[in-house]
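See below for the structure under consideration.
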Amino acid sequence: MGLWESDLQNMEMEPGKLFIGGISWDTNEDRLRQYFQCFGEVVEAVIMKDRATGRARGFGFVVFVDPTVAERVVMEKHMIDGRTVSLSV
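Take 0 as the starting number for the sequence shown in numbering that gives the first Met the number 0 and just add one per residue.
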């Protein structure tokens with residue numbers, strides 16, 4: 000297993016981390032952070048981008064300080080910038 004693969008596995012297992020799918024092309028990381036801050040303190044908000052074009056890929060991650068917040072937030076429906084997003088822990 001290469002370094003990149005082990006880093007990816009560690010990221011996926013991080014407590015309090017949510018996968019956010021179906022993000023609008025208009026949503027940026029600040030907006031993502033702002034939306035989820037109302038549920039609890041956010042450590043990180045990242046929208047994944049295509050390496051070649053720099054364009055958003057339509058999904059990202061949010062990490063909460065308190066993992067129980069992520070578990071609670073994932074149970075609700077969320078609409079950000081006019082798009083219903085899908086969440087998973």
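Quick reminder that beta carbons are idealized off the backbone N, C-alpha and C, glycines included.
Bear in mind that the values here come from a model prediction, so they are computed numbers and not experimental data.
Requested in this report: Find out if the Cβ-Cβ distance for the pair residue 22, residue 86 is shorter than 7 Å.
Outcome: no
Requested in this report: Using 10 angstroms around the beta-carbon of residue 15, count the other beta-carbons present and answer buried if the total reaches 16, otherwise exposed.
Outcome: buried
Report task. Can you check the region 9-39 for any alpha helix (DSSP H) of at least 4 residues that lies completely inside it and give the ranges in chain order? Result -> 28-36
Query raised in the report: Is residue 41 buried or exposed, if buried means 16 or more other CB atoms sit within 10 Å of its CB?
Result: buried
Requested in this report: Report all residues from its chain with a CB closer than 7 Å to the CB of residue 66; omit the five preceding and five following residues, and keep chain order.
Outcome: If you ignore the 5 residues before and after residue 66, its C-beta comes within less than 7 Å of the C-beta of 14 and 15, all in its own chain and listed in chain order.
Requested in this report: List the DSSP bridge partners of residue 78.
Outcome: 83
Query raised in the report: What is the residue span of the alpha helix (DSSP H) that residue 42 lies within?
Result: Note, residue 42: premise wrong, no alpha helix (DSSP H); beta strand (DSSP E) at 41-48.
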